[in-house]
Amino acid sequence: MPDQYDPAGVEERVFSYWEAVDAYEQTVDHRADAETFFFVDGPPYTSGAAHMGTTWNKTLKDAYIRYHRMQGYDVTDRPGYDMHGLPIETKVEEQLGFESKKDIQEFGEEAFIEECKRFADDNLDGLQSDFQSFGVWMDWDNPYKTVDPSYMEAAWWAFSEVHDNGLVERGQRSISQCPRCETAIANNEVEYEDVTDPSIYVRFDLDDREGSLVVWTTTPWTIPANQFVAVDEDGDYQQVRATTPDGETDVLYVASECVEDVLSAGGYSDHEVVADHSGSDLIGWSYTPPLADAVPANPTDADGTHEVYHGDWVEADRTGLVHSAPGHGEEDFERGAELDLPVFCPVGEDGVYTDAGGKYAGAFVRDANDDIIADLEARDAMLASQTVEHSYGHCWRCDTGIIQIVTDQWFITITDVKDELLANMDTSEWHPEWARDNRFRDFVENAPDWNVSRQRYWGIPVPIWTPEDWSGDAEDVLVVGTREELAALADQDVDPASVDLHKPTVDDITITEDGTEYTRVPDVFDVWLDSSVASWGTLNYPEQENDFDELWPADLIMEAHDQTRGWFWSQLGMGTAALGDVPYEEVLMHGYANMPDGRGMSKSKGITIEPNEVIDEYGADPMRMFLLSVTPQGDDMSFSWDETENMQRDLNILWNVFRFPRPYMALDDFDANVPAAFGGDDAGVGIADADLETVDEWLLSRLQHVKADATAHWEDFEQHRALDAVLEFVVEDLSRYYVQVVRERMWEDDASASKTAAYATMQRVLLEVVALLAPYAPFVTEELYSHLTGDRGYDTVHMADWPTVEESLRAPALEADVAVLRAAEEAGSHARQQAGRKLRWPVTRVVVDAAEDSVVDALDAHGDLLADRLNTRAVEVVEPGAAWDELAYSARADMSELGPAFGDDAGAVMNALNDAHVTDRDIDALAEQVAADLGRDDIELTTEMVEFVEETPEHVAGAAFETETAAGTVYVDTELNEDVESEGYAREVVRRVQEMRKEMDLAMDAEIRLDVLVFDERVGELVARHEPLITEETRARELGEVEDGHREEWDVEGTTMILEVEAV
RNA sequence: GGGUCAGUAGCUCAACUAGGUAGAGCGCCACUCUGAUAAGGUGGAGGCUUGCGGUUCAAAUCCGCACUGACCCA
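Going by our numbering, the first sequence opens with residue 16, and the numbers climb by one from there.
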């Protein structure tokens, strides 16, 4: 296998391996009879490529699906695609250069729908391959598509259930209309942008009294539909007589707070307050709208229109009097309905005034603004005409300014079952919890009725057939629930097996019952309705019933937080309305993928990081690991190149750790064990068969710890913490400690029980680590796994069982001891470094001054491990409470204390103090020495005057350590003697020979002949004492003259050596 | 304009649920090691915990108010 972890190479090899062994199919089949886990994929919309957010989402889904499979579940993994709807229509319109519905009609509905389907299919293909490119394993051959007849039927069926439940209604509502798309759009499809609009103050002349009401609006085009003026009945209003600079006067009614601003806008130079009124005084006053003559169709005063009414929403803003048109605004409409005022909307679905618009008929509303402003001025009704910058709603797809108009639409009257919605909501468990309890509850409580009809083409046709001369009562309509039912009812021949439920096919179908002909309403469903039925649509229900009966509702869904308003909601609404139940039991709500600086990504602004860039740069596994290393619970993620690189680095460490024992195992023909959890027969040398050493037992115990932690984190939907735990184990415990410790064991020449134990330990640990990382990094774990198992286990790591904790391998006391030893080792290394003695040179002794009994216990039990790691001949322990008797203390004087105490003598005392040495932190002993030094006997010191400083003996360096449970100081005695010098020089030789072996590119087990020539008699003699060490460590069969070998001259601690190596 | 969530070292995050000296990894700098070698070891620098107020003996933590960002709503 390659020396280096190369993600691209790994991915390429693994892709073809997966293909060769049908890895995915085998993994699915492996769990076919297991307990089911019904996961439902929230369908991405097929209008573009996979961006970072989709990639994060699918990576999370893939990881949790893999995890559940490893936990033994038969997981439903059918991917879905949301393929209908206005966004695709507008993209196709753009491609075809269309500007309005007229173009579509000319092009032909059927052809247009065909184009939309092709567009959606193309994008679906792109998404499928995007998702597969980073290793997502779902049932790619069998995705659910919202355009398939069986899926569309799932929507029809659900809607007919809703109708049966009495929750379908036809009615007028004020809706947001895109005049270009000529359809209603949902409130959450409205995007707000800052625009400049007219800002006009208009006078409405009162009928029975002097003066006029002043209203303000940014939509002059709604004035023709004015029906009433709203005031706040509790507000304060004033009647003022305002004077222009020309001396003309006007009597105006305005909210008190607004008087100054309004008069200044109107260019008045002076005014007097004539009277104060409360809002309720104004109610019932009648006025004549200024454009009454231009719009004769506007209902007359007789209907109760053109009067002042109270409005809840009115504030003392602008004028405090609100122009209200129930034919347009939502609040206006609702208040108008309460007041039983007629609805007057002179604007058509295309935003053009109808004949009812009188003088303005035929004009597009926004284009009519200028005429209306001019007409208002001509009628002397304009108080001020300005412009204002404010945020205004636009169609999310075509960016056209929306208009509020009242049209007939089909609704699911979700407000009738609000209590049930709230109750059902509580039966599902959300991660994080606040998402449900704050965000989602707020939304559900305020949710209006669901307008499900759209006056468009590319969607699921609304399956409603209305009778001739229909009264408007929803009870009298036919709602078709299935293709079979359609075939049975239709006047025409319909083959349920082949019928395409799209427009225009269904438009031509009529139904005749009891002599009455029913025709289909021309609308299609709001595309949100499509995905709302996914939990049964994905099971092909009602066409097939078995899966639905067994699986529904979903065990788990996971999407980003925008779906609280989207899919989480639409499913709750549809599930409740159709089936009385919520379609999912558990929700994982993740965040948005933002740019590294925290800004949102935006394709249109070119601010994105594309997943394939990341894969090209660092690989799919590192990208996945990064995406899975951040919390999946509600918080947004800022993408990080650095962290992705770190993930690659960590995988490289795993790669290196994995590679390290390979050559040794191969040399010794190690018979690797593959446990049953990996599909092995448990043959070979397992850890139960091996003579484990302390460090092996420690590593295995740590592994149990990590497995327990990781599993708990996964169960809490905190897979990022599980990843942390596993990576820390790999880097800290496995790589930095275990591998370092076992290196010498592995290098031993002959097979030994010790080596075998290390092999068995590594085999088991690596297998389980690879399994623990498989959901994160499916490629590299697969490759490592296949090397670890050969042909013994399952064909793929993804079939393996999730590793479980083996209680018998837990050794908490040992873990605690080793934690202490490692801390002591770190301090010892520090001390060695301070003393300038490298690890190759042994030291005579290490003294550990223990501050806790736990340190003593750890050293008693495993002191040899520390001795080995610190390369010391002996470890001495100083018990807690005792002091190491070779330590001395000097003192540092605090002059702010000495000064006042000793006056003129303070300087002399200080010098004596600084020269003094005592064996304990004993203030009296110190005072005695100072007194002796100064030849006085009246020296009294207090602890405030001095600070004791520890002094180690010569050749000794110390460093402190501390863990959660232990503390102490490690002293390293680096005094040389011939014994340590001899070994030190010998190891210098060994290390250089190793380097030369490497330079010569010798095989690891190649034997050599070595000639050592030392240009210093004493050193030469010291080296010679360790010939056996040298020959063994360097695999030198013999020492002696070398004819024509690799020869190199070295400087070792000032001594010249010539080494010559030849292979034998 | 309103709601929800977030803001801690250059980066990613801990510590926040029960207030008690702010930690880790990575990156950076210096030194070191060398049959895992694009690895390993030791040390170091690096923080007004976004800001301003409040509660408290004590606030990253609790409470207000701002600011910044994300999403949702209008």
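All residues carry an ideal CB built from backbone N, CA and C; glycine is no exception. Since this is a predicted model, take the numbers as computed values, not measurements.
Asked	Found
State the DSSP-derived secondary structure class of Val892, mapped to helix, strand or coil.	strand
Indicate whether Leu603 and Ala170 have their beta-carbon atoms separated by less than 8 Å.	no
With DSSP collapsed to three states, give me the class of Met610.	coil
Do you know offhand how far Tyr556's Cα is from Val151's?	26 Å
For Arg469, which of helix, strand or coil comes out of DSSP?	strand
DSSP three-state label for Tyr556, please.	coil
Which residues mark the beginning and the end of the beta strand (DSSP E) in which Met573 is found?	572–575
Looking at C-alpha atoms only, which residue of Asp684, Lys770, Arg471 is the closest neighbour of Cys193?	Arg471
For Pro690, which residues from the same chain have a beta carbon less than 8 Å from its beta carbon, with the 5 sequence-adjacent residues on both sides left out?	Asp697, Gly701, Arg779, Leu782
Given a cut-off of 8 Å, decide if Ala839 and Leu787 are closer than it, judged by their beta-carbon atoms.	no
Cα separation between Asp222 and Ser406?	35 Å
Taking the alpha-carbon of Glu275 as reference, which of Trp236, Thr334, Gln242 has the nearest alpha-carbon?	Thr334
Considering Cα atoms alone, identify which of Arg256, Val107, Phe134, Lys73 is closest to Phe122.	Val107
Measuring alpha carbon to alpha carbon, tell me which of Thr525, Asn929, Ser585, Ala383 ends up nearest Ser546.	Ser585
Give the range of the alpha helix (DSSP H) segment to which Asp524 is assigned.	Note on residue identity: the sequence assigns Ile, not Asp, to residue 524. Looking at the DSSP string, Ile524 is not in any alpha helix (DSSP H), and its letter there is neither H nor E.
Cutting at 7 Å between CB atoms, please list the residues of its own chain near Trp236, excluding the five before and the five after it.	Val380, Arg381, Ala383, Asn384, Ile387
What residues in its chain sit with their C-beta under 8 Å from that of Ser653, if we drop five residues either side in the sequence?	Asn609, Met610, Pro611, Asp612, Gly613
When you compare each of Asp748, Gln734, Ser769, Asp706 to Gln719 by their alpha carbons, which one comes out closest?	Asp748
Just verifying my parser: in three-state terms, what is the DSSP assignment at Pro476?	strand
Return the residue from the list Asn439, Pro304, Glu345 that minimises the CA-CA distance to Asp390.	Pro304
Suppose contacts are defined by Cβ-Cβ distances below 8 Å. Is His343 in contact with Glu208 by that definition?	no
Out of curiosity, what's the CA-to-CA distance linking Ala1039 and Val757?	27 Å
When DSSP labels each residue in this structure, what does Leu516 get in the three-state scheme?	coil
So which of Glu797, Ser619, Ala831, Trp817 has the shortest CA-CA distance to Gln712?	The amino acid occupying residue 712 in the given sequence is Glu; Gln does not appear at that position. Among Glu797, Ser619, Ala831, Trp817, the Cα nearest to that of Glu712 is on Ala831.
Terminal residues of the continuous alpha helix (DSSP H) containing Ser165?	164–179
Would you kindly check if the distance between the Cβ of Pro361 and the Cβ of Ala312 is under 8 Å?	yes
What whole-angstrom Cβ distance do Ala942 and Leu956 have, given they're in contact under 8 Å?	4 Å
Buried or exposed: Phe426, going by 16 or more other Cβ atoms within 10 Å of its Cβ?	buried
For Val933, which residues from the same chain have a beta carbon less than 6 Å from its beta carbon, with the 5 sequence-adjacent residues on both sides left out?	Tyr904, Ala940, Leu941
How far does the alpha helix (DSSP H) with Ala502 in it reach, from first residue to last?	498–504
Taking C-beta to C-beta, are Val246 and Val329 nearer than 8 Å?	yes
Relative to the C-alpha of Ser144, which candidate in Val536, Ala65, Val432 has its C-alpha closest?	Ala65
Taking the alpha carbon of Asp13 as the reference point, which residue from Val741, Thr659, Tyr774 has its own alpha carbon closest?	Nothing about residue 13 can be reported from this structure: the residues present for the chain run from 16 to 1079 only.
Can you say whether Pro793 is buried or exposed, counting buried as having 16 or more other CB atoms within 10 angstroms of its CB?	buried
Ordered along the chain, which non-local residues of its own chain (more than five positions away) have a Cβ less than 6 Å from that of Val820?	Gln719, Lys722, Ala723
How should Glu104 be labelled, buried or exposed, when 16 other C-beta atoms within 10 angstroms of its C-beta is the threshold for buried?	buried
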